[in-house]
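Peer 1:
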Amino acid sequence: MSTVPQGEFLTFKIGEDHYALHVSRVTETMQTTAITRVPKAPAHIRGVVNIRGTVVTVMDLPRRFGYEHEGEYTSIIVAEAEVGDERVSVGILADSITHVVRLTGDDMEKLPAVGSHADCEYVLGVGKLEDAFVVVLDVDAVVKKTGDCR
Amino acid sequence: MNDAAHAVFYDEATELLDALERDLMHLENEPEDADTIHNAFRSLHTIKGAAGVVGFPEMSRFSHGLETLFDRMRTGEQPVTRDTIDLALAASDYLRDLLVEGPEAEETETGAALRARLEEVSGPPAGAAGGRHDAVDQGTTEGDAAGSPVADNSSAAGPTVGADGNKSLGRAATYRVRFKPQPSLLTRGADPLRLIGELRELGDCLVFPVVSAVPDLTELNPEHCHLGWTIVITTHVDENELRDVFIFVEDYSDLEIELLDDGQSEDENADYKRIGEILYERGDLDDHEVRQILAEREPFGAVAANRGLVTKGSVESALEEQNLVRKLREGRREALASNTTRVPNHKLDDLVNLVGELVTLQARLSQSTADDDLRDVGGIAENLELLTSRLRESTMSIRLVPLADTFSSFHRLVRDLSRELGKEIHLTTSGGDTELDKNVIGLLRDPLMHIVRNAVDHGIEQPDERRANDKPVRGEIHIEAEPAGADVLIRVTDDGRGLDSERIHARAVERGLIPPGAHPSRQELYGLIFQPGFSTTTTATDVSGRGVGMDVVKKNVENLSGGVEIDSEVSVGTTVTLRIPLTLAIIDSLLVEIGEERYVVNLSYVDECFILREDPLAGRKATVASRNTGEVLPFVDLRSVLDIPDRGPEIRNAIVVGDDDHKAALVVDRIVGQYQSVIKNLDATLRDIDEVSGSTILGNGRVAFILDVVKILRSIAVTA
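Going line by line, the protein sequences match chains X and V. In terms of our numbering, the first sequence opens at residue 1295 and continues consecutively. In terms of our numbering, the second sequence opens at residue 36 and continues consecutively.
Shown next as structure tokens:
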């Protein structure tokens, strides 16, 4: 978790914030579909969707970070995360999927950008794009059940 | 002979050896039972014949010797005693080893020793099979079955030496290295730690210091090396390479390297040597001492340590060795365990008939669509639905196997453990014909074994303690299974000392599991036993209790969507109940609607459904009467259980659900209908949610959750 990753990243936007996931963790992207609410689940778990017979939990990152997203999401990014010794697929809700970018060590910093909504415990590093900063997410930490954030 | 034939032989021989073992257990209690002796003889005869046909020559030869023993028992020439049963059990273990080894297996030292004992007891094998043993002295006296326990065990389970005999590449062998430097070693500039470090690079090591030679502080010369080491190493290199590590110090130290496990032998119960044997072999104890300790009928290691014959460290180290080798063998057994199921013919016939009907129906459907005649399609769909559900049931029933085999494997476990611990325990089982999914049974074995071990080790008291408490000297353990709706209940009951709630309480406080002032109920206290790292015994024995245990049992059972409960009364006994779902795959269910979502309720819990004309919530009544039986039931508004906002429609529905303990009417918005749910287990992100036990995918592609009726009922029973 402490190493700043390098290589190719999928970037996406939630509100005005840019986020990125390492491509090795991303299995597919899709449009939002019917989400089934999970009773008694923490607020950031929006529900589950059926992806070709697999039940995948869908997460709302803003709620994970402690604020409410405005408007409807359009996309789901399906990523793989490790919980204990189990590998699970999770969906992350996003407004738009932007690019695949290459980030090297020079583009990356460990500290989160000032003004970002994300807590540093969920962040692997911050990359510099042409016109903006992008928060590289630690998907394992996002999925880990530490209750709600803040 | 091809691999398929070997696989079949493996399965059959395993079953026959299981049956033989069962018979032997039975004979121990009823030595006079002629039928059982006949059965055992027949099993052996079949094994011998089949081994010969399939081409396992050593197996065939060896079983002939054992068969002779049973032949003599059959004719009454040889009495059935504990010792002959011990011998026969050891021999059947050896047969299992040979079976695993394969057709090329050759006689090991173990085998030779056993054969010698068999011939001693029953005379040399006559005739056909014994060609190579003709030189054996024919005049050996018979009937001297009462060998000393040490002699028995060391010959029965002695090491299989001959390291390179048939060791194939890629299999790691386990050695014991005893390294005792002379005191002057350090002055020669050698560093024993470096040598151990080198060993570590060759394989997985367990290292135990031997401190018995360390003198008192006043006499201690700090420049001398007083320590020795026993290292148990699992490695791919051979003995010579291990020896090479010590090449420069060999002249200044005692070095013994012994093969413990050649990476091949594999035993049904993964039994390794007893503690006494290990200590004896290592030279920590002599023969006389071993006998004396055995006479005490207490856990061997504990007695040896208490008497100061060996240090606690030696016992610990011997225990570690025992565990390591056991683990290795267990692993291999799992890898070899056959992945086949025996299916009764009638089940296959049913399946074939159903597939026949399916083909006919499919032809009908093709015909209707080809003719563009859609009038019949509704009927075909209806038929197809019926057929699918019968096909499903029939297919699932093939995977159901009775629990009897699993149960009977515990007889040997209980026998061996109780002897080791010096206890007298009688194991009975019932409900062995209860069927469970084969995969479920496979996953249940370990948790059940743990529970039974606990009962033997911690539950049943020592004979004198029982006598002092006016209990029968012989302890009873009973394992029973019974179907309960969509579940199977498996209970393990002992008449031992019961759980000591005060000790559990103290321990829980000590571990910080509950605050010091808390007064949890008895059930809540028992629940704490399932917490990781909880164990009230302060000393670890080799039987159970290393701080892992009941938490693993609980985890395994919950992975099967089941549950565990404990009930206990001091000095009366303990009952552990496992609730296991019949199958993990598909359930008949009721689809209901609450708010905007649909949920699934396992149909086997549902007694009746009815419409609620008046909203019981409005009247603040806590109960509602059943339409069928008039029974007054508490009702549960699922909207509040599932945190669904709003009140829902005016007219709602009630489903009466329940098991033996609890019953209630669940209030839902609407009942959609019956549905066959293919169960999708929840992943780690959702597993903590008590109200749902799984999910399924509906016809429209959406996900619906399966409500965990048992947990919901229990939660309302607690709050009520």
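Yeah, the Cβ is synthetic: ideal placement off N, Cα and C, and Gly gets one too.
Does the Cβ of Gly693(V) have 16 or more other Cβ atoms within 10 Å, making it buried, or fewer, making it exposed?
Peer 2: Residue numbering aside, residue 693(V) sits at position 658 when the second sequence is read from its first letter. With a 10 Å radius around the Cβ and a threshold of 16 neighbouring Cβ atoms, Gly693(V) comes out buried.
Peer 1: Any idea if Thr463(V) is buried or exposed, counting beta-carbon neighbours within 10 angstroms, 16 or more meaning buried?
Peer 2: Position 428 of the second sequence, counted from the first residue, corresponds to residue 463(V). By the 10 Å Cβ count, Thr463(V) comes out exposed.
Peer 1: Give the DSSP-derived three-state secondary structure of Glu1364(X) in the structure shown.
Peer 2: On the first sequence, residue 1364(X) is found 70 positions in, with the first residue counted as 1. Glu1364(X) falls in the coil class under three-state DSSP.
Peer 1: Would you verify that the beta carbon of Thr720(V) is, or is not, closer than 8 Å to some beta carbon of chain X?
Peer 2: On the second sequence, residue 720(V) is found 685 positions in, with the first residue counted as 1. By this cut-off, Thr720(V) is an interface position.
Peer 1: Relative to chain V, which residues along the segment 1328 to 1351 of chain X have a C-beta separation below 9 Å, given in chain order?
Peer 2: Ala1328, Ile1329, Thr1330, Arg1331, Val1332, Pro1333, Lys1334, Ala1335, Ile1339, Gly1341, Val1342, Val1343, Asn1344, Gly1347, Thr1348, Val1349, Val1350 and Thr1351
Peer 1: To the nearest angstrom, report how far apart Asp68(V) and Ala151(V) are at their CA atoms.
Peer 2: Numbered from its first residue, the second sequence carries residue 68(V) at position 33. Numbered from its first residue, the second sequence carries residue 151(V) at position 116. Going by the C-alpha atoms only, they are around 27 Å apart.
Peer 1: What's the gap between the Cα of Glu280(V) and the Cα of Gly146(V)?
Peer 2: For the purposes of this step, residue 280(V) is taken as the residue at position 245 of the second sequence. For the purposes of this step, residue 146(V) is taken as the residue at position 111 of the second sequence. Position check: residue 280(V) holds Val in this sequence, whereas Glu was assumed. Taking the straight line joining both Cα atoms gives about 32 Å.
Peer 1: For Lys458(V) and chain X, any beta-carbon pair shorter than 8 Å?
Peer 2: To locate residue 458(V), count along the second sequence from 1; it is residue 423. No, Lys458(V) does not count as interfacial toward chain X.
Peer 1: Note down, one range per segment and in chain order, each alpha helix (DSSP H) of at least 4 residues found wholly within the segment 415 to 477 of chain V.
Peer 2: 439 to 455
Peer 1: List the whole-angstrom C-beta distance separating Arg223(V) from Tyr287(V), where the pair is believed to meet the contact cut-off of C-beta under 8 Å.
Peer 2: In the second sequence, counting from the first residue as 1, residue 223(V) sits at position 188. In the second sequence, counting from the first residue as 1, residue 287(V) sits at position 252. Confirmed, Cβ separation roughly 6 Å.
Peer 1: Any contact between the segment 1369 to 1386 of chain X and the segment 714 to 728 of chain V? By contact I mean 3 or more CB pairs, one from each, below 8 Å.
Peer 2: Contact between the segment 1369 to 1386 of chain X and the segment 714 to 728 of chain V is present, because at least three Cβ pairs lie under 8 Å.
Peer 1: From the DSSP output, read off the bridge partner residues of Met60(V).
Peer 2: As a first step, residue 60(V) is located in the second sequence; it is residue number 25 there, counting from the start. According to DSSP, which records beta bridges pairwise, Met60(V) is partnered with nothing at all.
Peer 1: What residues of chain V sit near Gly1385(X), judged by a beta carbon separation below 9 Å?
Peer 2: Here the question's residue 1385(X) lines up with position 91 in the first sequence. Under the 9 Å cutoff, chain V gives no residues; its nearest Cβ is about 10 Å from Gly1385(X).
Peer 1: Can you pull the chain V neighbours of Val1481(X), defined as C-beta to C-beta under 8 Å?
Peer 2: Absent from the structure is residue 1481(X), since the part of chain X shown begins at 1295 and ends at 1444.
Peer 1: DSSP three-state label for Asn1282(X), please.
Peer 2: As shown, chain X starts at 1295 and ends at 1444. That puts residue 1282(X) outside it, with no answer to give.
Peer 1: Give the residues of chain X in contact with Val727(V), contact being defined as C-beta atoms less than 9 Å apart.
Peer 2: Within the second sequence, numbered from 1, the residue matching residue 727(V) stands at position 692. Residues of chain X passing the Cβ test: Val1332, Pro1333 and Lys1334.
Peer 1: I'd like the span of the beta strand (DSSP E) that includes Ala248(V), first residue to last.
Peer 2: Position 213 of the second sequence, counting from 1, holds the residue named residue 248(V). Unbroken run through Ala248(V): none, as it is neither H nor E.
Peer 1: Just to confirm the assignment, what range does the alpha helix (DSSP H) spanning Asp128(V) have?
Peer 2: Here residue 128(V) refers to the residue found at position 93 when the second sequence is read from its first residue. Arg117 to Glu136 is the span of the alpha helix (DSSP H), which, as asked, contains Asp128(V).
Peer 1: Is there a Cβ of chain V sitting closer than 8 Å to that of Val1377(X), yes or no?
Peer 2: Taking the first residue of the first sequence as position 1, residue 1377(X) is located at position 83. Interface residue, yes.
Peer 1: With contact counted as at least three CB pairs below 8 Å, one residue from each stretch, are the segment 638 to 647 of chain V and the segment 549 to 558 of chain V in contact?
Peer 2: no
Peer 1: Using the Cα positions of Glu1362(X) and Leu1387(X), report the straight-line distance between them to the nearest angstrom.
Peer 2: To locate residue 1362(X), count along the first sequence from 1; it is residue 68. To locate residue 1387(X), count along the first sequence from 1; it is residue 93. Glu1362(X) and Leu1387(X): Cα-Cα distance of roughly 13 Å.
Peer 1: Less than 8 Å separating the beta-carbons of Asp535(V) and Val605(V)?
Peer 2: The residue labelled residue 535(V) in the question sits at position 500 within the second sequence. The residue labelled residue 605(V) in the question sits at position 570 within the second sequence. Yes; because the gap between Cβ atoms is below 8 Å, this pair is in contact.
Peer 1: Closer than 7 Å by beta-carbon distance: list the chain V residues that pair up with Asp1382(X), in chain order.
Peer 2: Sequence index remark: in the first sequence, residue 1382(X) carries index 88 (1-based). Looking at the sequence provided, one finds Val at residue 1382(X) rather than Asp. Within 7 Å Cβ-Cβ: Asp718, Ala719 and Thr720.
Peer 1: Where does Ile747(V) sit, in a helix, a strand or coil, going by DSSP?
Peer 2: Locating residue 747(V) in the second sequence gives position 712, where the first residue counts as 1. If DSSP states are grouped into helix, strand and coil, Ile747(V) belongs with the helices.
Peer 1: DSSP on Lys589(V), reduced to helix/strand/coil?
Peer 2: Locating residue 589(V) in the second sequence gives position 554, where the first residue counts as 1. DSSP places Lys589(V) in helix when its eight states are reduced to three.
Peer 1: Measuring straight from C-alpha to C-alpha, what distance separates Ile266(V) and Asp468(V)?
Peer 2: Walking along the second sequence from the start, residue 266(V) turns up at place 231. Walking along the second sequence from the start, residue 468(V) turns up at place 433. Computed Cα separation, rounded: 47 Å.
Peer 1: Just checking: is the beta-carbon of Ile433(V) within a distance shorter than 8 Å of some beta-carbon in chain X?
Peer 2: As a position in the second sequence, residue 433(V) is number 398, starting the count at 1. Judged by the 8 Å Cβ criterion, Ile433(V) is not in contact with chain X.
Peer 1: Flag Leu677(V) as yes if its beta-carbon sits less than 8 Å from any beta-carbon of chain X, otherwise no.
Peer 2: Working through the second sequence from its first residue, we reach residue 677(V) at position 642. Output row for Leu677(V): interface = yes.
Peer 1: Look at the Cβ atom of Arg105(V), then the Cβ atom of Leu133(V), and state whether they are nearer than 8 Å.
Peer 2: Residue 105(V) sits at position 70 when you count from the first residue of the second sequence. Residue 133(V) sits at position 98 when you count from the first residue of the second sequence. As written in the sequence, residue 105(V) is Phe, which differs from the Arg given in the question. Against a cut-off of 8 Å, the Cβ pair of Leu133(V) and Phe105(V) comes out as no contact.
Peer 1: Which residues in chain X sit within 7 Å of Phe565(V), going by Cβ to Cβ distance?
Peer 2: On the second sequence, position 530 is the one that residue 565(V) refers to. What Phe565(V) touches in chain X: nothing, since even the nearest Cβ is about 18 Å away.
Peer 1: Once you ignore the five residues that flank His261(V) on each side, which residues in its own chain have a CB closer than 6 Å to its CB?
Peer 2: Counting from 1 along the second sequence, the entry for residue 261(V) is found at position 226. Taking His261(V) as the centre and dropping the five residues before and after it, the same chain places the C-beta of Ala248 and Val249 closer than 6 Å to its C-beta, in chain order.
Peer 1: Over what stretch of residues does the alpha helix (DSSP H) that includes Asn717(V) continue unbroken?
Peer 2: Here residue 717(V) is taken as the residue at index 682 of the second sequence, counted from 1. The sequence shown places Leu at residue 717(V), rather than the Asn named in the question. Careful: Leu717(V) lies outside any alpha helix (DSSP H) and carries neither H nor E.
Peer 1: In angstroms, rounded to a whole number, what distance separates the CA positions of Gly232(V) and Asp128(V)?
Peer 2: As a working mapping, residue 232(V) is identified with position 197 in the second sequence. As a working mapping, residue 128(V) is identified with position 93 in the second sequence. Each residue's Cα considered, the two are about 37 Å apart.
Peer 1: For Glu500(V), which residues in chain X fall below 9 Å Cβ to Cβ?
Peer 2: Taking the first residue of the second sequence as 1, we reach residue 500(V) at position 465. Ordered by position in chain X, no residue passes the 9 Å Cβ test against Glu500(V), which lies about 42 Å from the chain.
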